[in-house]
Amino acid sequence: MQRNATTQFPILLVHGLFGFDRIGGFELFHGIKQALRIAGARVFIPCLSATHSNEARGEQLLAQMDRILNGTGAAKVNLIGHCQGALAARYAAALQPERVASVTSVSGPNQGSELADFLRKALTPGRLPGHVASHIATLFADFLSLLGGQAQLPSAAIASLGALTTEGVGAFNDKYPQGLPSHWGDNGPEKVNGVRYYSWSGTLPAGQHEERDATSPLHAFCRAFSEYFITEAGQNDGMVGRFSSHLGKVIRSDYPMDHLDVIHQAGRPRGGADSIALYLRHAERLRKAGL
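Counting along the sequence shown from 1, when you hit position 93 you're at 77 in our numbering, and nothing is skipped either side.
Next comes the structure, spelled out in structure tokens:
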């Protein structure tokens, strides 16, 4: 069935995974931008750096929104943010709600990430036993090497981990609470200051590990990182906890997808959800809401 994604306002896909613009040789939101455009949407991918501050990334997003609004003649934009991109989108909507029609968080750490908590400790001398810190630091370096071809975080992104911790996001939420649930695990308000809020996310798919790892070793890293979750053990996508991701109207938070599946970085997992179809359905949802 042909989808109709002709939303009233342009869609901005906001990335957030340590500032990489490509993962494993593929651009971020691989195949998603193209599918949305074929279905009639105006789609843009703003390029944000991996600066340590969610507010700084939000300011970059606001500047690029200016250019897109001027170029298209649109009055507002629909922001869809993955991972830390969700926090940048929330910031932009909080500061300039009159220019944002909707904010959608896709696997966004809206209450912080337990993985970021653990990594922050591992990279701070003396916070963890040496062998534990060494193991997680090495694992993370190998993951980064696979992502971008180098075992180093780009543009001061080690500091960005602080912005993704439970404490760091908690401070951010105190200033920009729009769309957040009032109780853990609930939905948040669907509309604040004229902006619609939505979210979806996944949890690690069960089984078929060997087949998935052969398709893309990135899946193995997500599974390894999931072992460092405590509060949301077994209820995470390898980087963000299921209930931490909730914002506004929760479409679903347990799709059988890891943190990279949700942006289609390794194709559709066998037996898993179709990530491209999720974006197309959401664009239709926005269109029907007059957005």
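Glycine included, every Cβ here is placed at the ideal spot set by N, Cα and C.
6 Å Cβ shell around Gly152 - same chain, five flanking residues per side excluded: Gly146
Three-state secondary structure (DSSP) at Leu137? Caution applies to Leu137, whose pLDDT of 45 falls short of 50 and renders its modelled position unreliable; the model cannot decide the point.
Alpha helix (DSSP H) runs contained entirely in the region -7 to 65, provided each spans 4 or more residues: 16 to 22 and 38 to 56
Sequence-distant residues of the same chain with beta carbon closer than 7 Å to Asn157, five excluded per side: Leu164
Just the C-alpha distance for Val224 and Val234, rounded to the nearest angstrom, thanks. 15 Å
Mark His14 as exposed unless 16 or more other C-beta atoms lie within 10 angstroms of its C-beta, in which case mark it buried. buried
Start-to-end residues for the alpha helix (DSSP H) that takes in Asp238: Here Asp238 belongs to no alpha helix (DSSP H); instead the beta strand (DSSP E) covers Lys233 to Pro240.
For Thr88, collect the residues of the same chain with a Cβ closer than 6 Å to its Cβ; drop the 5 residues on either side in sequence, then sort them by chain order. Ile64 and Tyr182
So, at 7 Å on beta carbons, what are the nonlocal neighbours of Glu174 in its own chain, with the 5 sequence-adjacent residues on each side left out? Arg180, Tyr181, Gly232 and Lys233
Distance between Cys206 and Pro189 (C-alpha atoms, nearest Å): 11 Å
Going by the beta-carbon positions, is the gap between Pro185 and Asp238 smaller than 9 Å? Reading off the sequence, residue 185 comes out as Ser, not Pro. A contact, by the Cβ cut-off of 9 Å.
Drop a sphere of 10 angstroms on the beta-carbon of Ile214, count the other beta-carbons inside from all chains shown, and report buried for 16 or more, exposed for fewer. exposed
For Asn157, three-class secondary structure by DSSP: helix
If Lys60 sits next to Arg83, beta carbons under 8 Å apart, how far is it from one beta carbon to the other, in whole angstroms? 6 Å
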